[in-house]
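Engineer: The structure that follows is given in the form of structure tokens.
Residue numbers (my numbering): 37 to 195.
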């Protein structure tokens, strides 16, 4: 039985891996982004991001009504880490049907993070479900407070 659940995935870049390891897709002229391909040996995969996930928040900001370019800029605003709130399509339908707001403070949220490096010890990759709501909010605020690097934000993206 499928248990509807949103996932808060904290991803950090690895020195020996280019990027986060996922493709962000959107439909031209429509709002809403979803995860395309996810490299199975990437930081994103290690943090719980999966193909076809719907992207709800980036660093604590709801992005459901933002353009692809804006969402990409939010992801790139901190060159070393990002926090994504994602949900699989089946869970999204369930939450919408039952009028449940999907956000980073919802009940039953699965909180995950990738290890600091590809070769980090296994215990670094443990899920962070023991973190308190205050700790999660502080982590999101710290991710959002870092100023964007103008050269990163000016990178070419397609709508």
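Note that CB positions come from ideal geometry on N, CA and C, so glycine has one too. These numbers were taken from a predicted model, which means no experiment stands behind them.
If you draw a straight line from the C-alpha of residue 125 to the C-alpha of residue 131, how long is it?
Structural biologist: Taking the chain shown and counting its residues from 1, the one referred to as residue 125 is at position 89. Taking the chain shown and counting its residues from 1, the one referred to as residue 131 is at position 95. Roughly 10 Å separates the two Cα atoms.
Engineer: Under 8 Å between the Cβ atoms of residue 80 and residue 57?
Structural biologist: By one-based count along the chain shown, residue 80 stands at place 44. By one-based count along the chain shown, residue 57 stands at place 21. A contact, by the Cβ cut-off of 8 Å.
Engineer: Can you find the residues in the same chain that come closer than 6 Å, C-beta to C-beta, to residue 47, ignoring five residues on each side of it along the sequence?
Structural biologist: Taking the first residue of the chain shown as position 1, residue 47 is located at position 11. If we look at residue 47 and ignore the five residues flanking it on each side, its Cβ neighbours are 56, 79, 80, 83, 118 and 150.
Engineer: Between which two residues does the alpha helix (DSSP H) carrying residue 110 extend?
Structural biologist: Start at 1 with the first residue of the chain shown, and residue 110 comes out as number 74. Start and end: 104-112.
Engineer: Identify whether residue 146 lies in helix, strand or coil by the three-state DSSP scheme.
Structural biologist: For the purposes of this step, residue 146 is taken as the residue at position 110 of the chain shown. Residue 146 falls in the strand class under three-state DSSP.
Engineer: Unbroken alpha helix (DSSP H) runs of length 4 or more, entirely within the stretch 58-144: which are they?
Structural biologist: List check, alpha helix (DSSP H) in window: 79-82, 104-112 and 125-133.
Engineer: Run through the DSSP bridge pairs and tell me what residue 42 is partnered with.
Structural biologist: Here residue 42 refers to the residue found at position 6 of the chain shown. Beta-bridge pairing links residue 42 to 123.
Engineer: Counting only the same chain and skipping the five closest in sequence on each side, list residues whose C-beta sits under 7 Å from that of residue 101.
Structural biologist: One-based indexing of the chain shown puts residue 101 at position 65. Around residue 101: 67.
Engineer: Are residue 45 and residue 107 close, meaning C-beta to C-beta below 8 Å?
Structural biologist: In the chain shown, residue 45 corresponds to position 9, counting from 1. In the chain shown, residue 107 corresponds to position 71, counting from 1. No, the pair does not count as a contact, with Cβ atoms beyond the cut-off.
Engineer: Exposed or buried, which one is residue 133 when buried takes at least 16 other CB atoms within 10 Å?
Structural biologist: Numbered from 1 along the chain shown, position 97 holds the residue referred to as residue 133. Exposed is the call here.
Engineer: Going by alpha carbons, who is nearest to residue 148 out of 43, 38 and 64?
Structural biologist: Reading the chain shown from its first residue, position 112 is the one you call residue 148. Ranking the options by Cα distance to residue 148, first place goes to 43.
Engineer: Only counting the same chain, and skipping five residues up and downstream in sequence, which positions put a Cβ closer than 7 Å to that of residue 53?
Structural biologist: Indexing the chain shown from 1 puts residue 53 at position 17. Excluding positions up to five away in sequence, the list reads 78, 79 and 154.
Engineer: For residue 195, count neighbouring C-beta atoms within 10 Å of its own C-beta (all shown protein chains included) and say buried if the count is 16 or more, exposed if not.
Structural biologist: The residue given as residue 195 occupies position 159 in the chain shown. Residue confidence for residue 195 is low, a pLDDT of 36 falling below 50, so the modelled location carries little weight; the figure read from the coordinates is stated next. Exposed, by the Cβ-count rule.
Engineer: Return the chain-ordered list of same chain residues with a C-beta closer than 7 Å to the C-beta of residue 38, the five sequence neighbours on each side being excluded.
Structural biologist: The residue you call residue 38 lines up with position 2 of the chain shown. Excluding residues within five positions, the ones whose Cβ falls inside 7 Å are 126.
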